[in-house]
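Visitor: The structure's right below; bear with me while I get my questions together.
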Amino acid sequence: NAGVTQTPKFQVLKTGQSMTLQCAQDMNHNSMYWYRQDPGMGLRLIYYSASEGTTDKGEVPNGYNVSRLNKREFSLRLESAAPSQTSVYFCASSFGRNYEQYFGPGTRLTVT
Amino acid sequence: DAKTTQPNSMESNEEEPVHLPCNHSTISGTDYIHWYRQLPSQGPEYVIHGLTSNVNNRMASLAIAEDRKSSTLILHRATLRDAAVYYCILKSGNTPLVFGKGTRLSVIA
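Protein sequences, first through last, are from chains C and G. Here the numbering used here = 1-based position in the first sequence + 9. Here the numbering used here = 1-based position in the second sequence + 79.
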């Protein structure tokens, strides 16, 4: 089992560019999450998907959109990147929202 | 959201036990106490969780005070690989995890 995989590992964008961060899990989990982590800070929830076909906003959703493509995949899209979105992005999954979460290795995004 | 308070940093010698404290004086009856850790340049990793009783697993033990206003994560023999940021998080039902700044644990050989 690969667990939670994220692509790409690193990305540099110019202000205004768009991109999609990909996340996939092979644990048959129902719930998936996107977090961001700024230097020296804890993780903050951007969006989550409690189950296939549903998505909900987290603490810091502005500037992002998500798609729960199927049970395995949950993507995060930045439509018009801003320097404030420079961060490390982590995807996570869990069997359900009451269960422990498993995290991917992260995507380090820099917006110049 | 109920909040937790943890020391910013702690230090331990290798192969000695480590007790990581967490205060959560406003915990509600339905809040579970979760611990995650984040090794350098990695995503967080689930460690343990509990409600009222002490819990043990292969990674650690969780000691919960009788009034549930504090808890302690116990690593029985710290190794260099245990150097990480440890997060104590209260979670109730379907509420999402809310990460604070955690405790940065350094392990000295």
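Built from N, CA and C at the ideal position, the CB exists for glycine as well. As the structure is a computational prediction, the values presented were derived from the model and not from experiment.
Would you mind sorting SER105(G) into buried or exposed? The rule is 16 or more other CB atoms within 10 Å of its CB.
Guide: For clarity, residue 105(G) is Thr in the given sequence; the question names Ser instead. So THR105(G) ends up on the exposed side.
Visitor: Looking only at its own chain, which residues have a Cβ that is under 8 Å from the Cβ of PRO119(G), when we skip the five neighbours before and after it?
Guide: ALA162 and ALA163
Visitor: Of the residues that make up the segment 144-159 of chain G, which ones have a beta carbon closer than 8 Å to any beta carbon in chain C?
Guide: none
Visitor: Where does ASP47(C) fall in DSSP's three states?
Guide: coil
Visitor: Roughly how far, in whole angstroms, is the beta-carbon of PHE99(C) from the beta-carbon of PHE112(C), given that I think they are within contact range, below 8 Å?
Guide: About 5 Å; that satisfies the 8 Å criterion.
Visitor: Determine the extent of the beta strand (DSSP E) in which PRO100(G) is found, giving its start and end residues.
Guide: 97-102
Visitor: For the beta strand (DSSP E) containing VAL97(C), list its first residue and its last residue.
Guide: 96-103
Visitor: Compute the minimum distance between the beta carbon of ALA157(G) and the heavy atoms of the ligand ATP, and state whether it is under 7 Å.
Guide: Absent from the structure shown: the ligand ATP. Ligands present: none.
Visitor: Can you name, in chain order, every residue of its own chain whose Cβ lies under 8 Å from the Cβ of GLU95(G), other than the five neighbours on each side?
Guide: ARG156 and ALA157
Visitor: In chain order, what residues of the same chain have a beta carbon less than 6 Å from the beta carbon of ARG117(C), not counting five sequence neighbours either side?
Guide: PHE19 and VAL97
Visitor: Please list, in chain order, the chain G residues whose beta carbon lies closer than 7 Å to that of GLN110(C).
Guide: Here the neighbours are TYR125 and LEU176.
Visitor: I'd like to confirm the pairing. Which residues does DSSP put opposite HIS128(G) in its beta bridges?
Guide: HIS113(G)
Visitor: How many angstroms separate the CA atom of ARG137(G) from the CA atom of VAL120(C)?
Guide: 41 Å
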